[in-house]
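For the sequence shown, the working numbering assigns the number 1 to the initial residue and increments by one for each residue that follows. Using N, Cα and C, we set each Cβ at its ideal position, and we do this for glycine too. Note sheet for the following structure.
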Amino acid sequence: MGDIKTGEPFGLDPVLVKKIHWEFALKRIRQDLRSDFIYAPHLNFLYQKAGDELIAALTGETEFWNV
Numbered sequence: 001m002g003d004i005k006t007g008e009p010f011g012l013d014p015v016l017v018k019k020i021h022w023e024f025a026l027k028r029i030r031q032d033l034r035s036d037f038i039y040a041p042h043l044n045f046l047y048q049k050a051g052d053e054l055i056a057a058l059t060g061e062t063e064f065w066n067v
């Protein structure tokens with residue numbers, strides 16, 4: 001990754017974000033939580049109950065931080 005310049009967007013390439021199969025990624029994350037070294041039931045709860053909202057926030061479909 002190159003230098004971040006003021007005023008320029010950073011993060012994942014929007015084209016790449018559109019190619020990700022988000023439901024499959026969420027399923028893999030939930031599966032991987034079962035074998036994690038650190039037991040974190042709160043993360044499982046978040047991914048189980050708010051997975052769709054997290055995907056929407058990551059893909060820019062909703063304003064996640066707007067309460």
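Along the chain, where does the alpha helix (DSSP H) that runs through residue i open and close?
i          : result
residue 26 : 22-33
residue 47 : 41-59
residue 16 : 14-19
Could you check if residue i belongs to the surroundings of the ligand ADP, using beta carbon to heavy atom distance under 7 Å?
i          : result
residue 26 : Looking at this structure, you won't find the ligand ADP or any other ligand, since it has none at all.
Using alpha carbons as the reference points, say which of the options lies closest to residue i.
i          : options       : result
residue 27 : 6, 52 and 57  : 52
residue 57 : 34, 22 and 33 : 22
To the nearest angstrom, report how far apart residue i and residue j are at their CA atoms.
i          : j          : result
residue 29 : residue 18 : 18 Å
residue 15 : residue 59 : 11 Å
residue 38 : residue 31 : 14 Å
residue 43 : residue 6  : 33 Å
residue 47 : residue 55 : 10 Å
residue 50 : residue 13 : 24 Å
Assuming contact is defined by CB atoms lying nearer than 8 Å, are residue i and residue j in contact in what I supplied?
i          : j          : result
residue 25 : residue 33 : no
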